[in-house]
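A.B. asks:
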Amino acid sequence: MSMEYAKNILETIGNTPLVKINKLTRDLPCLVLSKYETFNPGNSVKDRMALKMIEDAEADGRLKPGGTIIEGTSGNTGMGLALAAIVKGYKCIFVISDKQSKEKMDILRAVGAEVVVCPTDVEPDDPRSYYSVSKRLGEETPNSWYVNQYDNPSNAKAHYESTGPEIWKQTDGKITHFVVGVGTGGTISGVGKYLKEQNPDVKVWGIDTYGSVFKKYHETGIFDENEIYPYVTEGIGEDILPENVDFSIIDGFTKVTDKDAAVYTQLLAKEEGMFLGNSAGAAIKGVLQLKEHFKPDDVVVVLFHDHGSRYVGKMFNNEWMKKMGYLD
Ligand code: PMP
């Protein structure tokens, strides 16, 4: 017998379980399985793409020894990048918008990153926006590499190479529908492309939020600025079109309200014992909204991005829920 251990924490990324949803899906005719990404060491799916983006940047010389990694991140990508940076010897500066939970900022600082906070309610091209600030820091900091998860092709590639093949293998090729929240688009595009290459009949559905451009753009090809307004749901939706969203492999989007996303985040914990982040609540509510698309033999896989601990001050705080009008 030889000893069995990971050589470092990065080797534990991936190979997450598929877990059946039992109670919340009782009115659906089909099997619903969740790809449970909080088992990654940074507690989110983003560990996969963070490591892949770093490895690809090392390979072609964009990231050099002792360099500084700069990114605009809502938290989970930052965690993944920070873990890899610690193991590999890089520094991190993260730019984050002020609507993100304080827990997310504290967690990033806990793993050694410098965190710069920017206002949410400004245009993307405003010099104060987190898109602009992260770009500027990238230009000003010596030996730095600006990750740009929105347009970095290694993001979707990570999911094409790992998340997609895992889901295909775990369902023994029986998956019929893949449902997932869309932010940068890396997860849906990478997993969706892989699954459709194995079986073109697999349907790929994106979860969007009110205040985001994706659904309207997918349906009409029009980038409608009237669709853009502030929203509460964290992790999904955008006011830009990231290059990582491959609209051609997406069959449709459904939008979930801020209230439903918050309420279903609580219900996942209370009814399934699944203590997960806000986009998981949006994702499972989105699956329920898609009921008419499912038949008895279907196998639906919904991906849950991150962990509930980052939302204890919000969706798991009933005072906050009442203040927002989400609890009756
Ligand atoms: N949920 C959470 C909690 C996230 O952090 C993200 C990434 N912004 C997403 C969903 C969306 O994933 P992707 O960026 O791959 O589209």
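For what it's worth, full-length UniProt numbering labels the leading residue of the sequence shown as 1, then goes sequentially. Glycine included, each C-beta is placed from N, C-alpha and C at the ideal position. Values in this document were obtained by computation on a predicted structure and should not be read as measured data.
(1) Going by Cα to Cα distance, which pick from 287, 323, 303, 311 is closest to residue 330?
(2) Taking residue 242 and residue 176 to be in contact with their CB atoms under 8 Å, please state how far apart those CB atoms are, rounded to whole angstroms.
(3) Buried or exposed for residue 222, going by 16 or more other Cβ atoms inside 10 Å?
(4) Any heavy atom of the ligand PMP closer than 8 Å to the beta-carbon of residue 141?
(5) Measuring only from the beta carbon, is residue 265 closer than 8 Å to any heavy atom that is part of the ligand PMP?
(6) Hey, quick one: how far does the alpha helix (DSSP H) through residue 284 stretch, first residue to last?
(7) Under 8 Å from any heavy atom of the ligand PMP, does the C-beta of residue 227 make it?
(8) Please classify residue 204 as buried or exposed, where buried requires at least 16 neighbouring CB atoms within 10 angstroms.
(9) To which residues does DSSP link residue 18 through a beta bridge?
(10) For the ligand PMP, I want to know if residue 1 counts as a neighbour, meaning its beta carbon is within less than 8 Å of at least one of the ligand's heavy atoms.
(11) Are there any heavy atoms of the ligand PMP lying less than 8 Å away from the beta-carbon of residue 177, as far as the coordinates show?
(12) Using alpha carbons as the reference points, say which of 208, 43, 166 lies closest to residue 194.
(13) Determine which residues share a DSSP beta bridge with residue 146 and list them.
(14) So, under 8 Å CB-CB, residue 135 and residue 80 are touching, yes? Tell me the CB distance rounded to an integer number of Å.
(15) Less than 9 Å between CB atoms is the rule here; does residue 73 satisfy it with respect to chain C?
(16) Taking the alpha carbon of residue 245 as the point to measure from, which residue in 226, 280, 265, 206 has its own alpha carbon closest?
(17) Work out the CA separation of residue 112 and residue 219 for me, nearest whole Å.
(18) Give me the DSSP bridge partner(s) of residue 114.
(19) Under 8 Å, with one C-beta from each stretch per pair, do the region 152-161 and the region 210-218 reach the 3-pair mark?
(20) Can you list, in chain order, the residues of its chain with a C-beta nearer than 8 Å to that of residue 105? Leave out the 5 residues immediately preceding and following it.
(21) Is residue 209 near the ligand PMP, with its Cβ less than 8 Å from a heavy atom?
(22) Going by the DSSP bridge assignment, what does residue 206 pair with across the sheet?
(23) Heavy atom of the ligand PMP less than 8 Å from the Cβ of residue 16, yes or no?
(24) For residue 305, verify whether its CB is less than 8 Å away from any heavy atom of the ligand PLP.
(25) Give the DSSP bridge partners of residue 316, in chain order.
(26) Residue 275 by DSSP, collapsed to three states: which one?
(27) According to the Cβ coordinates, are residue 232 and residue 323 closer than 9 Å?
(28) Sorry if obvious, but does the Cβ on residue 289 come closer than 8 Å to a heavy atom of the ligand PMP?
(29) Quick one: what does DSSP say residue 303 is sitting in, helix, strand or coil?
(30) For the ligand PMP, is there a heavy atom less than 8 Å away from the beta-carbon of residue 204?
(31) Have a look at 30, 21, 25 and flag the residue whose alpha-carbon is nearest the alpha-carbon of residue 36.
(32) Return yes when at least one heavy atom of the ligand PMP lies under 8 Å from the C-beta of residue 155, else no.
(33) Leaving aside the five residues before and after residue 313 along the sequence, list all residues of the same chain whose C-beta is less than 8 Å from its C-beta, in chain order.
C.D. replies: Well, looking at it:
(1) Only positions 1 to 328 of the chain appear in this structure, which leaves residue 330 out of reach.
(2) Going by Cβ atoms, the distance from residue 242 to residue 176 rounds to 27 Å, so no, they are not a contact pair.
(3) Per the 10 Å Cβ criterion, exposed.
(4) Residue 141: no, Cβ never under 8 Å from the ligand PMP.
(5) With a cut-off of 8 Å, the C-beta of residue 265 is classified as distant from the ligand PMP, since no heavy atom of the ligand falls inside that distance.
(6) First-last of the alpha helix (DSSP H) with residue 284: 278-289.
(7) Not so, every heavy atom of the ligand PMP lies at least 8 Å from the Cβ.
(8) Buried: at least 16 other Cβ atoms inside 10 Å.
(9) According to DSSP, which records beta bridges pairwise, residue 18 is partnered with 35.
(10) Residue 1: no, Cβ never under 8 Å from the ligand PMP.
(11) For the ligand PMP, not one heavy atom lies less than 8 Å from the Cβ of residue 177.
(12) Looking at the Cα atoms, 166 is the closest of the given residues.
(13) Residue 146 pairs with 70.
(14) The Cβ separation is near 20 Å, so there is no contact.
(15) The structure shown contains no chain C, having only a single protein chain.
(16) Across the set 226, 280, 265, 206, the C-alpha of 206 shows the shortest separation from the C-alpha of residue 245.
(17) In this structure, the straight-line span from the alpha carbon of residue 219 to that of residue 112 is close to 42 Å.
(18) 93, per the DSSP bridge assignment.
(19) Contact annotation: the region 152-161 does not touch the region 210-218, with fewer than three C-beta pairs closer than 8 Å.
(20) Cβ within range, chain order: 75, 96, 115, 117.
(21) Every heavy atom of the ligand PMP is 8 Å or more from the Cβ of residue 209, so no.
(22) Answer is 180, 253.
(23) Outside the cutoff, so no.
(24) Because the ligand PLP does not appear in the structure shown, any question about it cannot be addressed here, the ligands present being the ligand PMP.
(25) Residue pairing by DSSP places residue 316 opposite no residue, since no beta bridge is assigned to it.
(26) Three-state DSSP puts residue 275 in coil, outside helix and strand.
(27) Not closer than 9 Å, so no.
(28) In terms of side-chain proximity, the C-beta atom of residue 289 is found no nearer than 8 Å to any non-hydrogen atom of the ligand PMP.
(29) Three-state result, residue 303: strand.
(30) Residue 204: no, Cβ never under 8 Å from the ligand PMP.
(31) The option with the nearest alpha carbon to residue 36 is 21.
(32) For residue 155, the CB falls within less than 8 Å of some heavy atom of the ligand PMP.
(33) Taken in chain order, the residues that qualify are 101, 102, 103, 320.
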